[in-house]
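>
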Amino acid sequence: MCSGNKNQQESLIYIIYIISSNCNMFFLASLSHVPMSEQIVIGRLDEGVILPCSFESGPDVVVHWKNQDNYAYSYYKDRDQLEKQDPRYVNRTSLFLGTYICYVGTSLGKIINKVVLKVGAFVTPVMKYEKNTTNSFLICNISSVYPYPIITWKVDNTPISENNKEEIGSLGPFYINSRVNITGSNSSYQCAIENTLLKQTWTGRWTMKDGLRKKQRENVSLSCKPENSFFLPNEDFRVTWSRVDSGNSLVLAQFLNSSQETIINEPLLSRNKALINLHDFSLTLKDLRLSDSGEYLCNISSSKYTLLTIQTLHVGKLQVGLHNGFRFLLTTVPHLCLMVQEEVRIWTLLDAGEVWSVNLVKTVTKGHLKHYVYA
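Residue numbers (the working numbering): -5 to 369.
#1: Just verifying my parser: in three-state terms, what is the DSSP assignment at S138?
#2: Ignoring anything shorter than 3 residues or poking outside the region 102 to 163, list the beta strand (DSSP E) runs there in chain order.
#3: Thinking just about the alpha-carbon of each residue, which of D204, G166, I133 is nearest to the one in A186?
#4: Would you mind reading off the limits of the beta strand (DSSP E) that contains C96?
#5: Can you tell which of G205, G114, P53 has the C-alpha that lies nearest to the C-alpha of G42?
#6: Rounded C-beta distance between K203 and L282? I'm assuming under 8 Å.
#7: Just to confirm, are T278 and S215 a CB contact at a threshold of 8 Å?
#8: Taking only three categories from DSSP, how would you classify L312?
#9: For S252, tell me which candidate among S31, S101, R232 has the shortest Cα-Cα distance.
#10: Put S285 into one of helix, strand or coil per three-state DSSP.
#11: Expressed to the nearest angstrom, what Euclidean distance is found between the alpha-carbon atoms of N158 and L302?
#12: To the nearest angstrom, how far is the alpha carbon of S285 from that of V309?
#13: How far does the beta strand (DSSP E) with Q254 in it reach, from first residue to last?
#14: Quick check: the Cα distance between K298 and D63, rounded to an integer number of angstroms?
#15: Are the CB atoms of F168 and Y142 nearer to each other than 8 Å?
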């Protein structure tokens, strides 16, 4: 169980507590002048932890653990002695922060270990981008954290104050939502959440790339290539592409680094597998429609960061050319329906559901193609 630990200072014994590797807890108290050591142990909420109690092995071992006035465990006469064990510690695996005393006695001597147990919690946070009809905003969320964290927001590396914060859990662990409004689309927003006890920091960053303008039936590349400094060797992460509308988000594709698997939910999306090894997660959206206009979000997330990249896509109507001062629409474009009513022709683009009325001026025949020219 433990090994020797000598030359400790003389001190009045107190109490202590331990969680063994099989998640059982132990305790005791005694009064006499025996060597005592003190250690600080940091555990994580909902995880096991071992509180150390080292001693020099000898015959007739007696072990007691106690926290304040609550017994967790006693061992003597070569077997467990649980008659005085506090019911709260029976098969208990959750942690109680505080000071614990371990007493160990053998025929060779006695020793007391004082252990200060500090408990932290830090469930991986997330950064979310949301919008409504009038505003866009960012949310940094952590569902379980203890002790209370340090949350900082920056715009272009300049600290700012959050606009709104929601908290649940007065004693901890805490649930926290921190929100800021996006006031400058050309700016970079950053949120950091730090747990000083666990020495753990998570960072979320949001940027907007230049807008894209395309025509119907064209293809577009939606880029997403983060800075190399955000990647660590052998680090697991997930890439998610989504379409963002007011009040909701539609997932288009996902990439899992652990399995190198790509899941595509939109049939008109494709990716270049060779770019993945370069940490380039760009996707191509093919055969554009007017309804494809909107905001596209790339989300790269790991246990240490979230990177959000937004691109706005505007899809315009089919390309209209000029011919002898007149504007005309080529009939070679797929899915066009032509209906003739006297001198007025109505073009209906079936995919987009748009109707244009034009006055027919003349027809132009080139080879096997016939174009209708209108003013």
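Every residue gets a Cβ at the ideal spot worked out from N, C-alpha and C, and that includes glycine.
A quick note: this is a predicted structure, and the numbers were derived from the prediction, not measured.
From the atom records:
#1: Three-state DSSP puts S138 in a strand.
#2: 103 to 116, 120 to 125, 130 to 140, 144 to 149, 152 to 154, 158 to 162
#3: I133
#4: 92 to 100
#5: G114
#6: Contact between K203 and L282 fails: their C-beta atoms lie close to 18 Å from each other, not under 8 Å.
#7: yes
#8: coil
#9: R232
#10: helix
#11: 20 Å
#12: 8 Å
#13: From DSSP, Q254 is part of no beta strand (DSSP E); its letter is neither H nor E.
#14: 40 Å
#15: Between F168 and Y142, the CB-CB gap stays under 8 Å.
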